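K.L.:
If you read the protein sequences in the order shown, they are chains A and B.
The first sequence begins at 1 in the numbering used here and counts up by one.
The second sequence begins at 1001 in the numbering used here and counts up by one.
Every residue, glycine too, gets a C-beta built ideally from N, C-alpha and C.
No experiment lies behind these values; they were computed from the predicted model shown.
Structure below; questions to follow.
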Amino acid sequence: MSITKVTSHISPNEQLIFERSQPGRAGFSLPPLDVDETPLEEMIPRELQRDDALAGMPEVTEVDVIRHFTRISTWNYSIDLGMYPLGSCTMKYNSRLNEKVARIAGFANLHPLAAEAEAQGALEVIYELQQHLAEITGLPGISLQPAAGAHGEMTGIMIIRAFIDARDGKEKSAQRRTMLIPDSAHGTNPASAHLSGFTVKTIKSTAEGLTDLDHLRELCAHGEVAGLMLTNPNTLGLFEKNIQQICDIVHDAGGLVYMDGANMNALVGVARPGDMGVDVIHLNLHKTFSTPHGGGGPGSGPCCCTKELEPFLPVPRIVQLSNGEVSTGSGSDRVFKLDFNYPQSIGRVKAFYGNYGMMLRALAYILTHGRDGLREATEAAVLNARYIAHGLVSDYEKPFDGAPMHEVVFTDKRQARKGVHTLDIAKRLIDYGFHPMTIYFPLIVSGAMLIEPTESVGHQELDQFIEAMRSIAKEALEDPELVLNAPHSTRIGRLDEAAAARKPVLRWKPAPAESHATATQS
Amino acid sequence: MRYIPNSPDERAEMLRQIGVASIENLFDSIPEELRLRGPLAVPAALSELELLKKFDAMAVHNEAARRISFLGGGAYSHYSPTIVDHLISRSEFFTAYTPYQPEISQGTLQAIFEFQTLVCQLTGMDIANASMYDGSTAMAEAVLMAERVTRRSKVIASSAIHPEYLQVAHTYVQHAGIELQHSPYSTETGATSADSLTGLDDKTAAVVVQSPNFFGCVEDLQALADKAHAVGALLIVVVTEAISFGLLKSPGACGADIVVAEGQSFGVPLSFGGPYVGLFATRDKYARQIPGRLVGEAFDAKGRRGYVLTLATREQHIRREKATSNICTNEGLIALAATIYLETMGPRGIEEVAQQCAQKAHYAARKLAEIEGFSLPFSAPFFDEFVVSGPGEAATLLAKLASERGIDGGIALSRYDPRRPNDFLVCVTETNTRKDIDALVSSLRELV
């Protein structure tokens, strides 16, 4: 007798929750209302009341919800399952201790508009994290308000603009509206510059993969340069060894240097942007300081800057009361407050103070590592990337000779001769049990594969990854169809993204989609 | 360091294999003079035990987290079913990255597709994105989108919008060539009157209102939509207390063109202001102008249904400085929490929470207004927040209430508007018991 209930796959099929809904099911319980009831019409006039009974929202029980999300969770790859070598996205281990810290009731239940005197512990966390980030970057002015990396970029660029406006006066400053961005930069850089009212000019990279100094000088000669947005190490994984010279050229032209700190995990404990001549930088707490990315956020993108730029940071700033000021009601001997008194500030970039839960995790990360552990993490991350670079150079084209830092770029040049491209290699890697690397970025490298192992991968797993990549290179030569049709091991195959974009279906609606719903069941 | 898998011996062996003499040589591309000479001035590593003690000790100084609280104003205390935190703590969700590879990210993608659907159902709109940082940045992005859609540059925002939201909008639009004007609210009703939308003309891109507004008053969205549409402007509706969707007519049904909201009320902890989640919904015809990420349905070669990130051509990876926004990371995990909350509560749960909030708030308002010297200055209908006028400075009174009675009674409006020294904003949700409310009322009566 065959058992039909059981499938051999560990990932059961699961519909959308809306298709599971049954009228009358409920997953909640609330205490009975304990105040005298007022007739609804007396509170809210009928014409302002909802009249659709929230139709279409699912009616399910707690068990339905648990099974639904547990099942679909098994369709996800995650850092806990294995290596996640997404270059420039930086996926490292997410400590459970940090999750515990973020859930301490005294932080989790704290309202952002509580009186300062009753939220001293929360302000102390922010202040202490600021101090550490200032030390790590060598830049003393800090705001933790930006909610993500790109938000921090926008903040940093607006600070540059506000500084130049103040320095030159509005009229003269209006002549400086050019932001220089290397052609290898993240797409968010030009988008952030545009949001801040700048025109983007692109700087070429040299054959070595570094910023072209001659081109930079040429662009700076025009006088209208407000600044440069530079990622360092750049998105090819290479340290911009001419960084001091680059900063000098931009400064001499009257501009400021913004550093995209996405790759700061290659530098922590080894070198500091502030010492290189950088004026302002954003950090990604979810990258360098390993706050979990949750399938697409939350992030946190603090902005660190020189003393000179500090007056322009977003308000409120979190400061420690200086000696002599009277403290109010805290149990600690240090007193912290929200300071709104920065008339030159660019303003607020978010309600309240930023993604506070991420700040708790980042501080816990820093304190758990300590000064030696932070450096050790950097060393391990760079060593791992270098090990992969060494291990793959025999089978894949490495477009730049320079020794990479924490990430390394390869291309599909050799495999493409057999019709196998980067996307195919990435999909085949899934069959070997790894999450693919970043593909087709940076844009200036044709068929790019950007690999970043981070420090969270051990020797054996690095060897397995290298072996998998080499095996795919061999398959591309001997059996290209195998790679071209990958992945073979997942519950669904490659999805038709072009068709999805032509006629986008962005939400569930009841009824006619029945035929597709049955297809999932097969 | 216990998070780094390689042993010192393994590291030495790896160095040998790649032919690098020492760890220090890994950094040869960094000029000698730029390298740190000594260690960072960061404390030595703490053990797990020491670290927890340190954070516990700091948390003790957050007295407000332990108090009976009537604080609202953009962040709300609501009950969250136990399974919300349990499910988002599954490592398959919280340790995953942005779903760039759909074949191994269907869990996250399907959850976001459900989130987008729920946001449409709540707001009464056609489409929604995969979330924004929070309500305040969502509102700023809506203003920028209105300019893209209408090619007009003037925007009129009600001054009854949360002051911090208005500040964020000003920061965002200051270099975008958008003129953001404020329209007064009625000091009698507390609501924004369609007749007093000063400056509304055929150059206006959008009218922006919040409902319930910062003072808790429910706006007449239909009248405001009609007024905006008459000159070809869009109506942007902002909601900070998203539980109100359970009781109030949806902005979509009232004619809104863009609806943005703070989703923190849906099972997300207060956490001193973040991370929260911004909801963003609009009409079908604006699908290619919407900021942020979108998840759409797709099929594989065998006709199996799945989900992918879609309409990426709007995004900065492709369009760079011409993208609809610079948003890359959004609030995936918090959107997941909101999705689990909404699905667990279901339509009846959301409605019941909304009813309880309104009932308790109206009970509290009635009792507070009965205290001698106290009154309710605004006459418009309200949901679960309302302004109370006291007999003296509200900030002083509330500080006394907190220190002497252990109750956080509300937000003194002088924090945002010095012309309202005696007013404070009280928020009552389903988490406040009648006993809490009665304690607030009797304490205030005794303290003045």
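#1: Considering Cα atoms alone, identify which of A:Leu-429, A:Leu-484, A:Asp-339 and A:Pro-442 is closest to Arg-982 of chain B.
#2: Restricting to runs no shorter than 4 residues, where is the alpha helix (DSSP H) found entirely within the stretch 1023-1104 of chain B?
#3: Just to confirm, is the Cβ distance from Met-358 of chain A to Ser-300 of chain A under 8 Å?
#4: Kindly provide the ranges of any alpha helix (DSSP H) runs that are 4 or more residues long and lie completely inside the stretch 39-98 of chain A, ordered along the chain.
#5: Any beta carbon of chain B sitting closer than 8 Å to that of Leu-321 of chain A?
#6: Along the beta strand (DSSP E) that carries Lys-1154 of chain B, what are the first and last residues, could you check?
#7: Against Glu-1331 of chain B, what residues of chain A qualify as contacts under a CB-to-CB distance less than 9 Å, listed in chain order?
#8: Taking C-alpha atoms, which residue in B:Asn-1025, B:Ala-1281, B:Ala-1225 and B:Leu-1333 lies nearest to Pro-1275 of chain B?
#9: Would you mind reading off the limits of the alpha helix (DSSP H) that contains Ser-1136 of chain B?
#10: Between the alpha carbons of Thr-328 of chain A and Ala-117 of chain A, how many angstroms are there, rounded?
#11: Between which two residues does the beta strand (DSSP E) containing Val-1295 of chain B stretch?
#12: Identify whether Gly-1306 of chain B lies in helix, strand or coil by the three-state DSSP scheme.
#13: Helix, strand or coil for Lys-1435 of chain B? Go by DSSP, reduced to three states.
#14: Which residues in chain B sit within 9 Å of Val-420 of chain A, going by Cβ to Cβ distance?
#15: Kindly indicate if chain B contains any beta-carbon less than 8 Å away from that of Met-264 of chain A.
#16: Could one say the Cβ of Ser-1379 of chain B lies closer than 8 Å to chain A's Cβ atoms, at least one of them?
#17: Bridge partners of Lys-201 of chain A, per DSSP?
#18: Comparing the C-beta of Thr-1344 of chain B with each C-beta of chain A, is any distance below 8 Å?
#19: Gly-261 of chain A CB to nearest chain B CB: under 8 Å?
#20: Reducing DSSP to helix, strand and coil, say where Met-405 of chain A ends up.
#21: On the DSSP bridge assignment, give the partners of Ile-1411 of chain B in chain order.
#22: Determine the extent of the alpha helix (DSSP H) in which Met-1014 of chain B is found, giving its start and end residues.
#23: Return the residue from the list B:Tyr-1172, B:Ile-1088, B:Cys-1217 and B:Phe-1215 that minimises the CA-CA distance to Ser-78 of chain A.
#24: Which residue's Cα is closest to the Cα of Ala-1140 of chain B: B:Tyr-1185, B:Arg-1016, B:Pro-1291 and B:Lys-1054?
#25: Let me see if you follow: with CB-CB separation under 8 Å, is Asp-496 of chain A close to chain D or not?
#26: For Lys-413 of chain A, name the three-state secondary structure that DSSP assigns.
#27: Taking the alpha helix (DSSP H) that Gly-1349 of chain B falls in, what are its first and last residues?
#28: Look up Glu-1385 of chain B in the DSSP assignment and give the residues it is bridged to.
#29: Three-state secondary structure (DSSP) at Leu-1444 of chain B?
#30: Just the chain B side, please: which residues come within less than 7 Å of Cys-89 of chain A by C-beta, in chain order?
#31: How many Å lie between Arg-50 of chain A and Ser-1389 of chain B at the Cα?
#32: According to a CB-to-CB cut-off of less than 7 Å, which residues of the stretch 108-127 of chain A neighbour chain B?
#33: Cα-Cα, which of B:Val-1428, B:Ser-1442 and B:Leu-1413 is closest to Asn-1422 of chain B?
#34: Out of B:Lys-1400, B:Glu-1385 and B:Leu-1401, point me to the one whose CA is closest to Ala-1075 of chain B's CA.
#35: At 9 Å on the CB atoms, spell out the chain B contacts of Phe-352 of chain A, in chain order.
#36: Helix, strand or coil for Arg-507 of chain A per DSSP?
P.N.:
Looking at the atomic coordinates:
#1: Not covered by the structure: residue 982 of chain B. The range shown for chain B is 1001 to 1448.
#2: 1048-1060, 1082-1088 and 1091-1094
#3: As a first step, residue 358 of chain A must be located in the first sequence, where it is residue number 358. As a first step, residue 300 of chain A must be located in the first sequence, where it is residue number 300. Yes, the pair counts as a contact, with Cβ atoms nearer than the cut-off.
#4: 40-43 and 62-73
#5: Taking the first residue of the first sequence as position 1, residue 321 of chain A is located at position 321. No - not a single Cβ of chain B is within 8 Å of the one on Leu-321 of chain A.
#6: The residue you call residue 1154 of chain B lines up with position 154 of the second sequence. Here the beta strand (DSSP E) through Lys-1154 of chain B covers 1154-1158.
#7: In the second sequence, counting from the first residue as 1, residue 1331 of chain B sits at position 331. Those are Ala-147, Ala-148, Gly-294, Gly-296, Gly-297, Pro-298, Gly-299 and Asn-355, listed as they occur along chain A.
#8: Within the second sequence, numbered from 1, the residue matching residue 1275 of chain B stands at position 275. For the residues B:Asn-1025, B:Ala-1281, B:Ala-1225 and B:Leu-1333, the minimum Cα distance to Pro-1275 of chain B belongs to B:Leu-1333.
#9: Translated into positions along the second sequence, residue 1136 of chain B becomes position 136. Counting along the chain, the alpha helix (DSSP H) containing Ser-1136 of chain B begins and ends at 1135-1150.
#10: By one-based count along the first sequence, residue 328 of chain A stands at place 328. By one-based count along the first sequence, residue 117 of chain A stands at place 117. With a pLDDT of 48 at Thr-328 of chain A, under the threshold of 50, the predicted position of this residue should be treated as unreliable, and no value is reported.
#11: To locate residue 1295 of chain B, count along the second sequence from 1; it is residue 295. That run of the beta strand (DSSP E) goes 1295-1299.
#12: In the second sequence, counting from the first residue as 1, residue 1306 of chain B sits at position 306. Strand, per DSSP.
#13: Taking the second sequence and counting its residues from 1, one reaches residue 1435 of chain B at position 435. It is helical.
#14: By one-based count along the first sequence, residue 420 of chain A stands at place 420. Here the premise fails: no neighbours, minimum Cβ distance about 17 Å.
#15: In the first sequence, the residue the question calls residue 264 of chain A occupies position 264. Output row for Met-264 of chain A: interface = no.
#16: As a first step, residue 1379 of chain B is located in the second sequence; it is residue number 379 there, counting from the start. Closer than 8 Å: no.
#17: For the purposes of this step, residue 201 of chain A is taken as residue 201 along the first sequence, with counting starting at 1. The partner list for Lys-201 of chain A (beta bridge, DSSP) reads A:Leu-180.
#18: Within the second sequence, residue 1344 of chain B is the residue found at index 344, counting from 1. Yes - at least one Cβ of chain A is within 8 Å of the one on Thr-1344 of chain B.
#19: Position 261 of the first sequence, counted from the first residue, corresponds to residue 261 of chain A. Judged by the 8 Å Cβ criterion, Gly-261 of chain A is not in contact with chain B.
#20: Taking the first residue of the first sequence as 1, we reach residue 405 of chain A at position 405. Met-405 of chain A: coil per DSSP, three-state reduction.
#21: Here the question's residue 1411 of chain B lines up with position 411 in the second sequence. Note: Ile-1411 of chain B sits in a beta bridge opposite B:Leu-1425.
#22: Your numbering for residue 1014 of chain B matches position 14 in the second sequence. Here the alpha helix (DSSP H) through Met-1014 of chain B covers 1008-1018.
#23: As a first step, residue 78 of chain A is located in the first sequence; it is residue number 78 there, counting from the start. Out of B:Tyr-1172, B:Ile-1088, B:Cys-1217 and B:Phe-1215, B:Ile-1088 has the C-alpha closest to the C-alpha of Ser-78 of chain A.
#24: The residue you call residue 1140 of chain B lines up with position 140 of the second sequence. Cα-wise, what sits closest to Ala-1140 of chain B is B:Pro-1291.
#25: No chain D is part of this structure, whose protein chains are labelled A and B.
#26: Start at 1 with the first residue of the first sequence, and residue 413 of chain A comes out as number 413. In the structure shown, Lys-413 of chain A adopts helical secondary structure according to DSSP, grouped into three states.
#27: Residue mapping note: residue 1349 of chain B aligns to position 349 of the second sequence, counting from 1. For Gly-1349 of chain B, the enclosing alpha helix (DSSP H) starts and ends at 1332-1369.
#28: In the second sequence, counting from the first residue as 1, residue 1385 of chain B sits at position 385. Bridge partners of Glu-1385 of chain B: B:Cys-1427.
#29: Position 444 of the second sequence, counted from the start, is the residue given in the question as residue 1444 of chain B. Note: Leu-1444 of chain B maps to helix in three-state DSSP.
#30: If you number the first sequence from 1, residue 89 of chain A lands on position 89. Near Cys-89 of chain A (Cβ distances below 7 Å), the residues of chain B are Tyr-1097.
#31: Stepping through the first sequence from its first residue, residue 50 of chain A is reached at position 50. Stepping through the second sequence from its first residue, residue 1389 of chain B is reached at position 389. The alpha-carbon atoms of Arg-50 of chain A and Ser-1389 of chain B are separated by roughly 30 Å.
#32: Ala-108, Asn-109, Leu-110, His-111, Pro-112, Leu-113, Ala-114, Ala-115, Glu-118, Ala-119, Gln-120, Gly-121, Ala-122, Glu-124 and Val-125
#33: The sequence position of residue 1422 of chain B within the second sequence is 422, counting from 1. Ranking B:Val-1428, B:Ser-1442 and B:Leu-1413 by Cα distance to Asn-1422 of chain B puts B:Leu-1413 first.
#34: The count along the second sequence starts at 1 and reaches residue 1075 of chain B at position 75. When only C-alpha atoms are compared, the closest one is B:Glu-1385.
#35: Reading the first sequence from its first residue, position 352 is the one you call residue 352 of chain A. The answer, in chain order, is Gly-1074, Ala-1075, Asp-1134, Ser-1136, Glu-1164, Phe-1272, Gly-1273, Gly-1274 and Tyr-1276.
#36: As a first step, residue 507 of chain A is located in the first sequence; it is residue number 507 there, counting from the start. In this structure, Arg-507 of chain A counts as coil in the three-state DSSP scheme.
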